[in-house]
Amino acid sequence: MYPEKCGSCGDQLSDGVLCTACKQTLHFHCASITEAGYRRLGDRKLTWRCMKCKQTSSSPKSPIPSVEASVLQEIRALSAKFTPLEGLKDEIKALRDEFADLKSSFNKKFDDLFNDFSDKIKTMEQRIVQVEKIQCQNTTVKELTMFDIDIGA
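Residue numbers (the numbering used here): 36 to 188.
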C-alpha cells in the first residue's frame, strides 16, 4: 500500500500520510503531523496536502468538494428558509400588541358595564325600600280608616 521510501527524507516507510496533490507518502514526523491527528481528520484525509504542495498551490486538487463549501451551502439554504420568519416575527409582535389593546378595551368596557349594573341595582334596592315604606304606610292608613269607621258607626 505504501511506497518503500518517504517522499521527504527518503528513509524506509511502513506507515505515513499521503499527499493528495503530489501523491507522495511521508512519515508522520516529516509531514509535521501526529499519527493521531492524521487519523482524526476522517474524510479530510482525502484532501490533505503536504507543506510543499500547500505552499505552491492555494487550492486543493481533489475532485471531492471541500467540507467548508458544503457547510457554507447548507448555511445559505437555512438562511434562505429563515428569511420569511423575520416578517412573521414582526406580524406576531403586531398581533400581540393588538391583543393587548383589545384586552385593555374589553376590561374597560366590562368595568363600565359592571359599574352601571351595580348603580342600577342600588337604585332598584332604594326603590324597593321606598315601596315597602309606602306599603307599610298604606297598611297603617287602612287600619286607621277601619278604626275611624268602627268608632263612627
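Glycine included, every Cβ here is placed at the ideal spot set by N, Cα and C.
Excluding the 5 residues preceding and the 5 following residue i in the sequence, name in chain order all residues of the same chain whose CB lies nearer than 6 Å to its CB.
{"i": "residue 73", "result": "52"}
The alpha helix (DSSP H) with residue i in it runs from where to where?
{"i": "residue 70", "result": "70-75"}
Quick one: residues in its chain with C-beta nearer than 7 Å to the C-beta of residue i, no 5 flanking neighbours on either side, listed in chain order?
{"i": "residue 68", "result": "52"}
Using a Cβ-Cβ cutoff of less than 8 Å, which residues in the same chain neighbour residue i once the five nearest sequence positions on both sides are dropped?
{"i": "residue 153", "result": "none"}
{"i": "residue 166", "result": "none"}
Does the Cβ of residue i have 16 or more other Cβ atoms within 10 Å, making it buried, or fewer, making it exposed?
{"i": "residue 60", "result": "buried"}
{"i": "residue 175", "result": "exposed"}
{"i": "residue 85", "result": "buried"}
{"i": "residue 54", "result": "buried"}
{"i": "residue 43", "result": "buried"}
Kindly give me the distance between the Cβ atoms of residue i and residue j, rounded to whole angstroms, as I take these residues to be in contact under 8 Å.
{"i": "residue 41", "j": "residue 65", "result": "6 Å"}
*Considering only residues of the region 80-141, which uninterrupted alpha helix (DSSP H) runs meet the minimum length of 4 residues and lie entirely inside it, listed in chain order?*
86-91
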